[in-house]
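Participant: If you read the sequences in order, they're chains A and B.
First residue of the first sequence? That's 5 in my numbering, and the numbers climb one at a time after it.
First residue of the second sequence? That's 1157 in my numbering, and the numbers climb one at a time after it.
Could you have a look at this structure, given as structure tokens, before my questions?
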Amino acid sequence: MSSASKSGSKVLLAPAIAFLVLLFLYPFAYGLYLSFTKADGGATFANYVRFFKDPWDFRTIWTTLWISLPITFINVGLAIPFAYYMRRGMKGEKTITFFLIVPITLGAVLISEGMLSYMGPRGWLNQFLMAIGLVHHPVRFTHNYLGVVISLGLSGFPYAFLMLLGYVSGINPDLEKASQMLGASKFQTFWKILFPLMVPGVAIAFCLNFVMAFSVFPSAVLLGQPSGPTRVIAIAAYQWAFEKFNFNAASAISMIMAAIELIVITLVLVWRGRMYKGASIVGKG
Amino acid sequence: MKDFKHISVRRMTKRFGDKTALHEFSLAFDKGEFVTFLGPSGCGKSTALNCITGLIPISGGEIFIDDECIDDSRNKVAPEKREFGMVFQNYALFPHLSVFDNVAFGLRLRKHTKKSVKEKVDTALRLVHLEGYGSKFPAQMSGGEQQRVAIARCIVLEPRLLLLDEPLSNLDAKLRVELRYELKALHERLRVTTIYVTHDQTEALALSDRIVVMRAGKIQQVGTPEEVFSDPANLFVADFMGFKNMWKAKIESLSQSPDHLDAVVKTAGGSLRAHLRYPEGDPRRSALVAAQASGKPVVTAIRPEDILLHAQAGMNLLSCTSTLVEYLGQQSQVSACFDASTPEGAADRIDFRSSDRVEEGRGLELGVAPDKLLLFPELDTIASTVEEGSP
Ligand SMILES: Nc1ncnc2c1ncn2[C@@H]1O[C@H](COP(=O)(O)OP(=O)(O)O)[C@@H](O)[C@H]1O
Ligand SMILES: [Mg+2]
Chain A
5 MSSASKSGSK VLLAPAIAFL VLLFLYPFAY GLYLSFTKAD GGATFANYVR FFKDPWDFRT
65 IWTTLWISLP ITFINVGLAI PFAYYMRRGM KGEKTITFFL IVPITLGAVL ISEGMLSYMG
125 PRGWLNQFLM AIGLVHHPVR FTHNYLGVVI SLGLSGFPYA FLMLLGYVSG INPDLEKASQ
185 MLGASKFQTF WKILFPLMVP GVAIAFCLNF VMAFSVFPSA VLLGQPSGPT RVIAIAAYQW
245 AFEKFNFNAA SAISMIMAAI ELIVITLVLV WRGRMYKGAS IVGKG
Chain B
1157 MKDFKHISVR RMTKRFGDKT ALHEFSLAFD KGEFVTFLGP SGCGKSTALN CITGLIPISG
1217 GEIFIDDECI DDSRNKVAPE KREFGMVFQN YALFPHLSVF DNVAFGLRLR KHTKKSVKEK
1277 VDTALRLVHL EGYGSKFPAQ MSGGEQQRVA IARCIVLEPR LLLLDEPLSN LDAKLRVELR
1337 YELKALHERL RVTTIYVTHD QTEALALSDR IVVMRAGKIQ QVGTPEEVFS DPANLFVADF
1397 MGFKNMWKAK IESLSQSPDH LDAVVKTAGG SLRAHLRYPE GDPRRSALVA AQASGKPVVT
1457 AIRPEDILLH AQAGMNLLSC TSTLVEYLGQ QSQVSACFDA STPEGAADRI DFRSSDRVEE
1517 GRGLELGVAP DKLLLFPELD TIASTVEEGS P
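What follows is the structure, encoded as structure tokens:
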């Protein structure tokens, strides 16, 4: 490549870089700065110390992990077999994909509204469950832990599924045939060939799902008990910022959120590296 | 490995929807034989291979190993239980496993001990000239090396049948020839029963004990390389085996002897004599007799190298005008026509080779011996793929 076209490609990168700086790096740096300052501007660790000392705030970490980790495992864990069975396409695939994309386009608030009416004590789900005699009293699907987790499942599963579907269907189908011809059963082929090749996709899907679930806010408020069992870390940050108007404390909480997400992502990437030692190229034939 | 004597495929048929990709395919393989399926792309070679492995279900027919039926189109032995090995066109190596682990894959599934796995893998890698490559990953290897790994991965399991689907077609010309020699040497050494799929007649001729020529899902001819090369069963096989000079002709006379047939045909270039070794009972013979009776046209077929620039005694003479000369090094490839001034005379193309210089537009008097001129009935007009993929 000539130097002229090299610098040319750098020029083309400029808008993207500007975009990143303006929308991501600047707010992040400003938040970091705020989190280490007092309201009057002096440097301090107090915002962090306060968070860890205040049991009411500190426990939001566990509350949020307790909400986000199980549903992330469920979303990704379900997406793997679904993606596997649909890897060669099937009848009604378009319809299924459509219904999976709908929750993505609706967004958290609309999902929550829908769940409140359909899954509430008088919603059709409970009426149906009672009509077939499965339960005798309405089950509480909303305004509790379960409600938040279900809504995170509805919004997170499609992402995980679509991402993994793209990944598995890109794996050369002859690899499966080769494995089978070498004597492997369907399960052995999945476990020894397809799954290891899916690992990079699984890792990305897990990270994305986890980050979305860990920063859950609207459904934790609308579908959970925001003053108790579903008081997630984002709610704590919100309350400091917009109820107590302490942006420094709120920034510190956001930084802690980011740090936890980073730790989980790092763990996932380490796992990925151990599972997938081979070349990073997926044979496409 | 369970021992066996023959594998026989009986009237195997495969339909995709209402399209018949394979029609009543019947063939028996002896143990140790090297059989090649040869035909243009889309003729059903891969389908035949995949049906034999069980990777795709057959719509009709049966497959036997000696007396054991492994597939009768309703019940089948699963592919992983057939002890067949398959080498794919795109190698299909497991990208996340090292060369050693790729080759060891089948052995480990069969619960071999660590020591036996190591011994067998090392032996197999040595056989394909890849000693010391065990720790590499497929993406770090050239196409030829990858295909060798794929072969090692199969032969390490000592399969009852080894199937290769165009294994050399993704390689460049030089490597293709090299790996072809190695395949041949490997087969001489291991004598593993092999089915080889290719659209390349040279590969088929060089490697095979027997060649199965296919067209549009049907077997056209089964024979040794010599048989298909010099005694093609029909016009399609002739075309695929490099015959040219296919001119429309009318039979003027036929004289029949028990083991041969002498014909005189009228072509745009005049009357030509053909000495055909079509014995009694040969379908080609009866077809020509029928064509004479009904007055239907037949088609000639002559190899370019059998047409001589300088005619000898007893040869058919072809008066023609050269139209195009391509210099190919030792020889020139010359095209000519009988008579450029009439549409019929210009329609038929004469193709031959000459080591002497030939100028374009010159009148020529070529010769062809009667026993080098073959006659065939015209091909039926089923969806034909003659041009596509033929060499
Ligand atoms: N899965 C399939 N579905 C429908 N048609 C198929 C399928 N596989 C192959 N065919 C058709 O069957 C014919 C034979 O294909 P194939 O065996 O792949 O040919 P070859 O290997 O000789 O090139 C082709 O016309 C192809 O289009
Ligand atoms: Mg093919």
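Where a beta carbon is used, it is the ideal one built from N, C-alpha and C, also for glycine.
Fair warning: this is a prediction, and the values are worked out from it, not measured in the lab.
#1: Tell me, to the nearest whole angstrom, how far the beta carbon of Pro293(A) is from that of Pro177(A); I am working on the premise that it is less than 8 Å.
#2: I'd like to confirm something about Val1243(B): is its beta-carbon nearer than 8 Å to some heavy atom of ligand 1, or not?
#3: For ligand 2, is there any heavy atom lying closer than 8 Å to the beta carbon of Glu1359(B)?
#4: In whole angstroms, give me the CA-to-CA distance for Ile1463(B) and Arg1505(B).
#5: Among the residues of its own chain, which have a CB less than 6 Å from the CB of Glu1436(B), if the five just before and after it don't count?
#6: Nearest-angstrom Cα distance between Pro142(A) and Gly170(A)?
#7: Can you tell me whether Glu1287(B) is buried or exposed, with buried defined as 16 or more other CB within 10 angstroms of its CB?
#8: Find the nearest neighbour of Pro222(A) within the set Cys211(A), Gly45(A), Ile239(A), judged by alpha-carbon distance.
#9: Output the distance between the C-alpha atoms of Pro233(A) and Met185(A), rounded to the nearest integer angstrom.
#10: Does chain A have any CB closer than 9 Å to the CB of Asn1246(B)?
#11: Given a threshold of 16 other Cβ atoms within 10 Å of its Cβ, counted over all protein chains shown, does Asn1231(B) qualify as buried or as exposed?
#12: Taking only beta-carbon positions, decide if Leu179(A) is within less than 9 Å of chain B.
#13: I'd like to know if the stretch 142-161 of chain A and the stretch 193-200 of chain A are in contact, where contact means that at least 3 CB-CB pairs between them fall below 8 Å.
#14: Which whole runs of the alpha helix (DSSP H) in the stretch 1291-1349 of chain B are 4 residues long or more, in chain order?
#15: Within this structure, are the beta carbons of Gly160(A) and Thr146(A) separated by less than 9 Å?
#16: At what residues does the beta strand (DSSP E) containing Gln1377(B) begin and finish?
#17: Sorry if obvious, but does the Cβ on Met1370(B) come closer than 8 Å to a heavy atom of ligand 1?
#18: Per DSSP, which one or two residues make a beta bridge with Ser1427(B)?
#19: Using the beta-carbon count (16 or more within 10 Å), is Ser39(A) buried or exposed?
#20: What are the boundary residues of the alpha helix (DSSP H) that includes Phe86(A)?
#21: For Leu1313(B) versus Ile1351(B), is the C-beta distance shorter than 9 Å?
#22: For the stretch 1520-1527 of chain B against the stretch 1467-1485 of chain B, do three or more pairs of beta-carbon atoms, one drawn from each stretch, fall closer than 8 Å, so that the two count as touching?
#23: Cβ of Val1368(B) within 9 Å of Cβ of Gln1377(B)?
#24: Quick check on Lys95(A) - is its C-beta less than 9 Å from some C-beta in chain B?
#25: Closest Cβ-Cβ distance between Arg1266(B) and chain A: below 9 Å?
#26: Say yes only if the C-beta of Val1353(B) is nearer than 8 Å to one or more non-hydrogen atoms of ligand 1, and no if none qualify.
#27: Does the distance from the C-beta atom of His1343(B) to that of Leu1363(B) stay below 9 Å?
#28: Output, in chain order, the set of chain A residues within a Cβ distance shorter than 8 Å of Met1242(B).
#29: Roughly how many whole angstroms lie between the Cα atoms of Arg1264(B) and Ser231(A)?
#30: Within 10 angstroms of the Cβ of Ala1446(B), are there 16 or more other Cβ atoms? Answer buried if so, exposed if not.
#31: What distance in whole Å lies between the Cβ atoms of Leu1530(B) and Leu1432(B), which are believed to be in contact at a cut-off of 8 Å?
#32: For Phe1532(B), count the other beta carbons within 10 Å of its own beta carbon; 16 or more makes it buried, fewer makes it exposed. Which is it?
#33: Against Ala188(A), what residues of chain B qualify as contacts under a CB-to-CB distance less than 9 Å, listed in chain order?
#34: Look up Asp1507(B) in the DSSP assignment and give the residues it is bridged to.
#35: Helix, strand or coil: how does DSSP classify Arg1440(B) here?
#36: Ordered along the chain, which non-local residues of its own chain (more than five positions away) have a Cβ less than 8 Å from that of Tyr122(A)?
Facilitator: So, to answer that:
#1: Residue 293(A) cannot be examined here, being either before or after the span of chain A that is shown, 5 to 289.
#2: no
#3: no
#4: For Ile1463(B) and Arg1505(B), the distance between alpha carbons rounds to 13 Å.
#5: Pro1414
#6: 39 Å
#7: Exposed is the call here.
#8: The candidate whose alpha carbon is nearest that of Pro222(A) is Ile239(A).
#9: 53 Å
#10: yes
#11: Asn1231(B) comes out exposed.
#12: yes
#13: no
#14: 1299-1311, 1329-1346
#15: For Gly160(A) and Thr146(A), no; Cβs fall outside 9 Å.
#16: Taken as a continuous stretch (DSSP letters only), the beta strand (DSSP E) holding Gln1377(B) covers 1374-1379.
#17: Correct: Met1370(B) has its Cβ closer than 8 Å to ligand 1.
#18: Bridge partners of Ser1427(B): Lys1422(B).
#19: buried
#20: 59-89
#21: no
#22: yes
#23: A distance below 9 Å separates the beta carbons of Val1368(B) and Gln1377(B).
#24: no
#25: yes
#26: yes
#27: yes
#28: Lys181, Ala182, Met185
#29: 56 Å
#30: Exposed, because fewer than 16 other Cβ atoms sit within 10 Å of the Cβ of Ala1446(B).
#31: Taking C-beta atoms under 8 Å as the contact rule, Leu1432(B) and Leu1530(B) qualify, at a distance of about 7 Å.
#32: buried
#33: What Ala188(A) touches in chain B: Glu1236, Phe1261, Gly1262, Leu1265.
#34: In the DSSP output, where bridge partners are listed per residue, Asp1507(B) has Ser1491(B).
#35: helix
#36: Trp128, Leu129
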